[in-house]
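K.L.:
Attaching a single structure in structure tokens format; questions to follow.
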Amino acid sequence: MHAFFQTHRLLLAPMAGVSDEAFRALCREQGADLTYTEMVSAKGLSYANEKTRHLLHLAPGEDQVAVQLFGHEPDTMAAQAAWIEREMGASLAYLDVNMGCPARKIVSKGDGSALMKDPALAASIVRAVARAVDCPVTVKFRRGWSEGVETAPEFARRMEDAGAMAMAVHGRYAEQLYRGSAEWDAIARVKEAVAVPVIGNGDVRRGADAAALVARTGCDAVMIARGAEGNPWLFAQAKAALAGEPEPDAPGVEERIALARRHARLLGAREGKNIVRMRKHAAWYLSGLPGAAAARGKINGCVSVEDFDEVFDELLACAREHAAAHE
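Per my numbering, residue 58 is the first one in the sequence shown, and the count goes up by one each step.
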């Protein structure tokens, strides 16, 4: 997959409750070369759960995505990977196996980063999925499970031997959750340990961070996660930084509100009248703007596109008044 990642260097991470069709579309507009779906439960797919299947819906014009699957049963993972490939066809860039999510409700069932505690099972999952599909299979995992015990390089070698054709590495331990800082040197050690492409992940919050991560680790691609929340423009900045070009300016108030408004409309087209998941996105977009703190309560009461429009209108008026007062 080295050739693939030469042209797909900036990736939007799979984020539960965040990387849906609407957000993926906005990140692609800003320069994301490939986006992932929200992580998808193999067990949920095996039950033909409609909410789970809905996570695989593509937006109009969305030609290709990576799908991240989670679970801990090799046979179930393989069967559902094959189903995804049949359903999505050429729209599926590759299948990723989630071995990095540290959320308690995930690891308590033996899924996500809990698999780092059982490398043999993890390898059997990769092997089963790789045999079941024709598309490339990748893995996403962390520096290790226990804080202070780095197992990622050896784990990576085992996943490569099992058939993983690329791997994304987050530079924190599972026990850290998102505390502290991502250790990029851990990603570099994985890069040295395997021959397949390595995707670096963790603490990319500015365009310059993407370039620094590549320089520090030699990683083949950069995966952006929380840094893009409320900030899809990060992809444009990162793309410029990787090319050695000046980064575009950060968006102004009106541009931020305009994109938040578009995001709400895209969600409305997908979800209908109830777009409560827009609440967190709105808070991210508007953070730090004049009047945003006072509007938080209103945002938390928004349900429809019209509700959000009302808040956006108020904040836009507040921002213009603030700008006029400081001219």
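Built from N, CA and C at the ideal position, the CB exists for glycine as well.
Taking the alpha carbon of residue 234 as the point to measure from, which residue in 381, 202, 98, 249 has its own alpha carbon closest?
P.N.:
That would be 202, whose Cα lies nearest to the Cα of residue 234.
K.L.:
Tell me the rounded alpha-carbon separation between residue 73 and residue 249.
P.N.:
Roughly 30 Å between the two C-alpha positions.
K.L.:
For my contact list, residue 97 and residue 113 are in at a C-beta cut-off of 8 Å; report their separation, rounded to the angstrom.
P.N.:
Between residue 113 and residue 97 the Cβ distance is about 7 Å, and since that is below 8 Å, they are a contact.
K.L.:
Assuming residue 58 and residue 223 are in contact, meaning their beta carbons sit under 8 Å apart, how far apart are those beta carbons, in whole angstroms?
P.N.:
That pair is a contact at about 5 Å.
K.L.:
What did DSSP end up calling residue 92 once you bin it into helix, strand or coil?
P.N.:
Three-state result, residue 92: strand.
K.L.:
Does DSSP put residue 274 in a helix, a strand or coil?
P.N.:
Note: residue 274 maps to helix in three-state DSSP.
K.L.:
Mapping the DSSP letters down to three states, classify residue 222 as helix, strand or coil.
P.N.:
If DSSP states are grouped into helix, strand and coil, residue 222 belongs with coil.
K.L.:
So for residue 281, helix, strand or coil by DSSP?
P.N.:
If DSSP states are grouped into helix, strand and coil, residue 281 belongs with the strands.
K.L.:
Identify which residue in 334, 219, 327, 276 has its Cα closest to the Cα of residue 131.
P.N.:
When each option's Cα is compared against that of residue 131, the closest is 219.
K.L.:
Is DSSP giving residue 332 helix, strand or coil here?
P.N.:
DSSP places residue 332 in coil when its eight states are reduced to three.
K.L.:
Based on the DSSP secondary-structure assignment, which residues constitute the bridge partners of residue 206?
P.N.:
BP columns for residue 206 are empty, so no partner.
K.L.:
When the cut-off is 9 Å and only beta carbons count, does residue 324 lie next to chain B?
P.N.:
Here there is only one protein chain, and chain B is not present.
K.L.:
Beta-carbon separation of residue 125 and residue 78 under 9 Å?
P.N.:
Result no, Cβ atoms of residue 125 and residue 78 do not sit closer than 9 Å.
K.L.:
Can you give me the C-alpha to C-alpha distance between residue 55 and residue 170, rounded to a whole angstrom?
P.N.:
Lying outside 58 to 384, the shown extent of the chain, residue 55 is not represented and no answer is given.
K.L.:
On the DSSP bridge assignment, give the partners of residue 156 in chain order.
P.N.:
Note: residue 156 sits in a beta bridge opposite 198.
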